[in-house]
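Q: Under the numbering used here, the very last position in the sequence shown is 1087; numbers go up by exactly one each time.
The C-beta atom is built at its ideal place from N, Cα and C for all residues, glycine as well.
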Amino acid sequence: MDYAGTDDLGPAVLSVAWVFAGISILIVAARFYVRIWIVRKLGIDDYIILLTLALGLGNSAFLTMSSSWGLGKHIVFSIMSPGFGRISYAFLLLSLSPPNKTRRVFLWTIITIQFVVDVAMVCISFAQCRPITGWWDHEVDADCWSPTVQQNAAFFQGSVCSLVDLILAVFPASLFWNLQMHWKQKIFLSLIMGLGIL
């Protein structure tokens, strides 16, 4: 695939990456402030979101380091960071769910599917060229799979992630709908918890 005529998107990618990294730090800091000083309780979802932030910051750091090697023409995005964000949210929903076996099994299934698909995508990414440097350095004489393998795997992963986002956005409505509160509050809480679909 020839990228020679493509405009260099490296600076734009770095700007977006670091702006969102800064926003993420503020949001996670606010979350931990509330959890430590107001709620006075940390859950597994908090530790997973901290891991997600670390992966996201690591991704931004690696994007910065790789920008001088053609980033923006051959873009490789982090795979696991968004997945861990979804898994963290699923753990939050697990902590909010009543002791209902069906709901818990459903959420654990979502967590497992998200993790397995992301790990499979990482494996495909690293296995597609021998030696691996042939993936980003086209001057290396490498034995690589057809580009459609990576493309189809990425489409599949993207579809699974979109479906998981939709499910995790709709799921909170099932938690709030049977609570003893005004229907406007139920709708408001469901919409707030469902913002992940955006």
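Tell me the rounded alpha-carbon separation between Arg-998 and Ile-1056.
A: It is worth fixing the name first, because residue 998 is Thr in this sequence and not Arg. Approximately 12 angstroms, taken between the alpha carbons.
Q: Starting from Asp-1032, follow its DSSP beta bridges and name the residues at the other end.
A: Arg-1019
Q: For Gly-974, I'd like the list of residues in its chain whose CB is within less than 6 angstroms of its CB, leaving aside the five on either flank, ordered along the chain.
A: Closer than 6 angstroms at the Cβ level, and outside the excluded window around Gly-974, lie Thr-941.
Q: For the structure I just gave you, are there three or more beta carbon pairs, one from the region 1046-1056 and one from the region 999-1007, closer than 8 angstroms?
A: yes
Q: Is the region 1071-1080 touching the region 1028-1035 in the sense that three or more CB pairs, one from each, lie closer than 8 angstroms?
A: no
Q: How is the alpha helix (DSSP H) around Gln-1074 delimited, first residue to last?
A: 1072-1082
Q: Using the beta-carbon count (16 or more within 10 Å), is Leu-915 buried or exposed?
A: exposed
Q: Is it buried or exposed, Gln-1074, if we count other Cβ atoms within 10 angstroms and call 16 or more buried?
A: Exposed, by the Cβ-count rule.
Q: If you draw a straight line from the C-alpha of Leu-985 to the C-alpha of Cys-1018, how long is it?
A: 44 angstroms
Q: Would you mind stating whether Phe-1060 and Leu-981 have Cβ atoms separated by less than 8 angstroms?
A: The answer is no: Cβ separation not under 8 angstroms.
Q: Helix, strand or coil for Asp-1026? Go by DSSP, reduced to three states.
A: coil
Q: Name the two residues that bound the continuous alpha helix (DSSP H) containing Arg-929.
A: Run containing Arg-929: none; DSSP gives neither H nor E here.
Q: To the nearest angstrom, how far is it from the Cα of Val-923 to the Cα of Tyr-936?
A: 14 angstroms
Q: Going straight from the alpha carbon of Asn-1067 to that of Lys-990, what length do you get?
A: 17 angstroms
Q: Is it buried or exposed for Leu-952, if we count other Cβ within 10 angstroms and need 16 for buried?
A: Burial call: buried.
Q: Tell me which residue opens and which closes the alpha helix (DSSP H) that Ile-976 is part of.
A: 969-985
Q: Going by beta carbon distance, what residues of the same chain come within less than 7 angstroms of Ser-977, once the five residues before and after it are set aside?
A: Asp-934, Ile-937, Ile-938, Thr-941
Q: Straight-line CA distance for Ser-955 to Ala-1042?
A: Distance between the alpha carbons of Ser-955 and Ala-1042 is about 24 angstroms.
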